[in-house]
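Okay, so here's the structure we're looking at.
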Amino acid sequence: EVKKGEGRGTATVGKQASQPRKRHHQPELEEAAAKIGSKKPKPENGAAAVKRGADEFVIVIDDEEDKDRRATVAPSDEGTCKRAKRAKTKAEQLSDDEEESKTKTADKKRPRTLAKSRVLHFQDSRGLDVHEHGVERIAHEMAALIAPLLSDAIARDFPKGLRVATVCSGTDSPILALSLANDSRKAAGLQEIPYSHVFSCEIDPAKQAYLRRNFDAPVYADIVELAMAEREARTCCGAQVPVPSFDCYVAGTSCKDFSGLRSRHRQDLEDKGTSGQTFFAAVEVMFKHKPRFVIFENVKNAPWAKMEEYMTGLVPCATVYEGVRGSKKAISKADSEAREEDGDAPKELTLVTTEARVWVVDEVPRSVGVRVGAEFLGVRLKPGTPLRTFKAKKGGGRVTLTALAKELKLDMSASSTAVLCFKTPCEYQTKVVKVDTKHYGLPQTRQRGYLFAWRPEFFPGVKDVGGTWAALLEGLRVPVRYPFSAFCLPDTDECVVRW
């Protein structure tokens, strides 16, 4: 309840005023405006110009009887809410009475409906409702931060028509982000980002329906089928559609098995859970179509190191040492029960010799991210140093990595800087960054990790692509300016009432 001064009645949010409101004369209006720090009303129209500082917000009270009422509230004095209202002439009062009489007559003829209560909307300094355009405004602010870089890239070496594909991305937020960025650039008179949405892939029927209604690109039904498809794959509508090529690949693979909430039966990449299956399938699609750059999104606690090893084929010897050392230690009761249920046991990386005298991965432990069937190429004593290759003995059979390391005299200690190199269908380099939405304008804590992978041949002359990408993410941070309630729909919104 917001109380006014003596003799001015009482205004109540959610119900009719308990006392009739008194018409304000010009001296009283000027006195009220002076108390809230506003400027003197202009005599030509009688409206009170409310002055707002940088640390103030405006509450607009929607009321069918009076839609022009406004009050300025400073954070230091939130308990007081005063308003300024222009005085009406006698002719306007008569006109209002006639309009009110007509409205009452019309209301008697219409069926009775639920009365609308007054709703408080937060507004920024430009008078825009946050709950309607809050997210868009944050996206436009980010687009403005990198507008010069985007303009330079589009003018020089940006792909002529960037083809974007998304898998397991839910509501296709990457496409929405590109659309918002183009809206911002168009409003600023800049050239838009040339891109096209070539396809999406979702297995959930509700998400498939959303994507079909809101986007024109085909929606494939299953990422596993898409990974095994040669030329065509089944869409959510049942049709067999050719799989197009693409330049940018965004994947938000399932994260429920990696989540910290599944502390007892938490699964890893090598387990047969949904998270592992969708990740392996998404990587197979990446290796098959070889896009220029890729973005993988997942929970903060996902096995990011193993994901990078699986995509790059580079495994630090220290990682293998920790895995072997950990497999010989006593494991927790929860892990023991989970492995008994899965019929799984700790294993060491095992290779088998082929007729061509090369070593091929046959078994992979939980601690290492290597593709089964990948060829062992050799060892780099340090990242960036020349590759040392080895030839397998004819008829060597199966061998564990520990035994092979002794034979080749490799340093497999925890302090080793050596890196095992395995062959992949296409060379990718990776960079992982962990972020929180509270640093990007949203009043919530949602911690996520992003893995950026790129093909080095498309970035000639750039020494640190991953570091540059991480710096751009850091530069896109914007402060939180509005509370969570400002982004919520009002109780009387038709979407809220419906559901």
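Each residue of the sequence shown is one higher than the one before, starting from 1 at the first, in the UniProt record's numbering.
We treat Cβ as the ideally placed atom computed from N, Cα and C, and that holds for glycine.
Keep in mind the model is a prediction, meaning the values are calculated, not measured.
In the DSSP assignment, what residue or residues form a beta bridge with residue i?
i	result
A414	Paired residue(s): none; A414 is not in a bridge.
H197	V164
V294	Y249 and A453
C421	L314 and G378
residue 520	In the structure displayed, the chain extends from 1 to 499; residue 520 sits before or after that span and is not available.
R388	V379
A233	V241
Y440	V478
K431	F452
Q447	D436
R398	V352
V370	According to DSSP, which records beta bridges pairwise, V370 is partnered with nothing at all.
Y220	C201 and T235
V299	R448
For residue i, which residues from the same chain have a beta carbon less than 8 angstroms from its beta carbon, with the 5 sequence-adjacent residues on both sides left out?
i	result
F215	D172, I175, H197 and S200
I154	Q191, I193 and P194
Y440	I138, M142, L476, R477 and V478
T207	Just to set this straight, residue 207 is Lys in the shown sequence, not Thr. Closer than 8 angstroms at Cβ, skipping near neighbours: G170 and T171.
F459	V465
E232	Q240, V241, P242 and V243
For residue i, count neighbouring Cβ atoms within 10 angstroms of its own Cβ and tell me buried if that reaches 16, exposed if not.
i	result
P361	Reading off the sequence shown, one finds Val at residue 361, where the question assumed Pro. V361 is buried by the Cβ-count criterion.
K306	buried
L401	buried
C421	buried
G397	exposed
G485	The question names Gly, yet the displayed sequence has Ser at residue 485. With fewer than 16 Cβ atoms within 10 Å of its Cβ, S485 is classed as exposed.
A209	exposed
C488	exposed
A165	buried
L178	buried
C237	exposed
G161	exposed
R137	buried
R371	buried
C168	buried
A471	exposed
E355	exposed
G395	exposed
L408	exposed
A251	buried
A239	exposed
L149	exposed
V462	exposed
V283	buried
A315	Checking the displayed sequence, the identity of residue 315 turns out to be Val instead of Ala. Classification of V315: buried, given that the 10 Å Cβ count is 16 or more.
G221	Gly is not the amino acid found at residue 221; the sequence shown has Ala there. Buried, by the Cβ-count rule.
P41	With a pLDDT of only 45 at P41, under the threshold of 50, the placement of this residue in the model should not be trusted; the figure read from the coordinates follows. Result: buried.
Just to confirm my understanding: we take residue i, look at its own chain, exclude 5 residues before and 5 after, and list those with CB closer than 6 angstroms. What are they?
i	result
G466	K431
H140	S184
A318	A414 and S416
R163	S196, V198, F246 and D247
D411	A418
K434	K300 and G449
T437	Q444 and R446
N182	E192 and I193
P405	Per the sequence shown, the amino acid found at residue 405 is Ala instead of Pro. M412.
A281	I223, V224 and A227
Keeping to the same chain, check which residues put their C-beta closer than 7 angstroms to that of residue i; ignore five residues upstream and five downstream.
i	result
K391	R357
L211	D172, S200, E202 and V219
G373	V360 and V361
L387	L377, G378, R380 and C421
D493	none
M286	Y249 and V294
K423	G313, A374, E375 and L377
K186	E192
How about residue i: is its C-beta nearer than 8 angstroms to some C-beta of chain B?
i	result
C488	Included in the structure is just one protein chain, with no chain B present.
Legend entry - the segment 232-248 in contact with the segment 277-292 per 3-pair CB rule at 8 angstroms: yes
Legend entry - Cβ contact (3+ pairs, closer than 8 angstroms) linking the segment 445-460 and the segment 418-429: yes
Legend entry - Cβ contact (3+ pairs, closer than 8 angstroms) linking the segment 228-241 and the segment 186-194: no
Inset, instruction - With a floor of 3 residues, list each beta strand (DSSP E) that falls wholly inside the segment 144-176, ordered by position along the chain. - result: 162-167
Inset, instruction - Tell me, please, whether the segment 460-476 touches the segment 142-155 by the rule of three or more beta-carbon pairs shorter than 8 angstroms. - result: yes
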